[in-house]
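Numbering (the working numbering), first residue to last: 9 to 206. Following: one structure in structure tokens, then a few remarks.
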Amino acid sequence: MSGGHSGRRPGRSGTREAILDAARARFAEVGFDKASIRSIATAAGVDPALVHHYFGTKQQLLTAALDIPADPAIIRAAIAAVPDEILGETVIRTVVGIWDSPIGVQAVAAFRSLLGGGDPTLARTFLVEVALKDVRARVDSPPGTGTKRVVLAASQMIGLLVTRKVLEIEPLASMSLDELAATVGPTLQRYLTGELDL
Numbered sequence: 009m010s011g012g013h014s015g016r017r018p019g020r021s022g023t024r025e026a027i028l029d030a031a032r033a034r035f036a037e038v039g040f041d042k043a044s045i046r047s048i049a050t051a052a053g054v055d056p057a058l059v060h061h062y063f064g065t066k067q068q069l070l071t072a073a074l075d076i077p078a079d080p081a082i083i084r085a086a087i088a089a090v091p092d093e094i095l096g097e098t099v100i101r102t103v104v105g106i107w108d109s110p111i112g113v114q115a116v117a118a119f120r121s122l123l124g125g126g127d128p129t130l131a132r133t134f135l136v137e138v139a140l141k142d143v144r145a146r147v148d149s150p151p152g153t154g155t156k157r158v159v160l161a162a163s164q165m166i167g168l169l170v171t172r173k174v175l176e177i178e179p180l181a182s183m184s185l186d187e188l189a190a191t192v193g194p195t196l197q198r199y200l201t202g203e204l205d206l
């Protein structure tokens, strides 16, 4: 049937890839918070509405640019729902739970790609400015230490990912989620809320 509306906005061939390329460049250049959908659309030569059509929110666009299948909103919601006293354990359970799920295979592949020469700026942006952004404000005590605390926690998580999923070193590779949360969670908790010489 011609002339009808299909419910999809028209876009030329390669539009999605052009938006992703523009998003990667913009996020790497100015970071997540300063990169606007409008500036990404302009760089890609498309209407901003088309960016929203293909990718939804700016967070979802960053996730697509990194080729990570997990929605950061799920991570943030799980962490927001718990008291500060169990942040470390909750981060472990939430993030490692994603890595160990069926979609985690693609997430680990994306991480391996970054290790093999991808742009680390985007991964840093995802971790600090998106996935752990809410945590940063919660653990900013004394004032001005929130970013340091979150980066220390992120370094622990990256080390855990490499050891468990990339190098597959035992017994860490086959530890249960409960055991990991009990063992590594307190270290993460110390970084996030404990006494640190910062």
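Just so you know, even glycine gets a beta-carbon here, dropped at the ideal spot from N, CA and C. Keep in mind the model is a prediction, meaning the values are calculated, not measured.
In the structure shown, E137 falls within a helical segment according to DSSP collapsed to helix, strand and coil. A residue is called buried once 16 or more other Cβ atoms fall within 10 Å of its Cβ, and R46, having fewer, is exposed.
When C-alpha distances from T133 are compared across A31, A36, L28, T23, the shortest belongs to A36. At the C-beta level, L95 and L200 come within 8 Å of one another.
Taking 8 Å as the upper bound for CB-CB distance, A43 and R32 are not in contact here, some 10 Å apart.
The three-state secondary structure of D186, taken from DSSP, is helix. Counting other Cβ atoms within 10 Å of its Cβ, A85 stays below 16 and is therefore classed as exposed. Going by DSSP, R34 is part of the alpha helix (DSSP H) stretching over 23-38. Contact between the segment 150-163 and the segment 186-200 is present: 3 or more CB-CB pairs across the two stretches fall below 8 Å.
In the three-state reduction of the DSSP assignment, I87 falls in the helix class, which pools H, G and I. By the Cβ-count criterion, T191 is exposed, with fewer than 16 other Cβ atoms from all chains shown falling within 10 Å of its own Cβ. Where G152 is concerned, there is no enclosing alpha helix (DSSP H), because DSSP gives it neither an H nor an E. The beta carbons of L69 and V59 sit about 7 Å from each other, so the pair counts as a contact at 8 Å.
Within a 10 Å sphere around the beta-carbon of L175 sit fewer than 16 other beta-carbons, which makes this residue exposed. With a contact defined as Cβ atoms closer than 8 Å, A189 and E93 miss out at about 14 Å.
DSSP, reduced to helix, strand and coil, places S163 within a helical segment of the structure shown. Between the alpha carbons of V104 and L185 lies a gap of roughly 7 Å. Sequence-distant Cβ neighbours of I177 in its own chain, meaning closer than 8 Å and more than five residues away, are T171. In terms of Cα proximity to E137, the closest of W107, P150, I83, V116 is I83.
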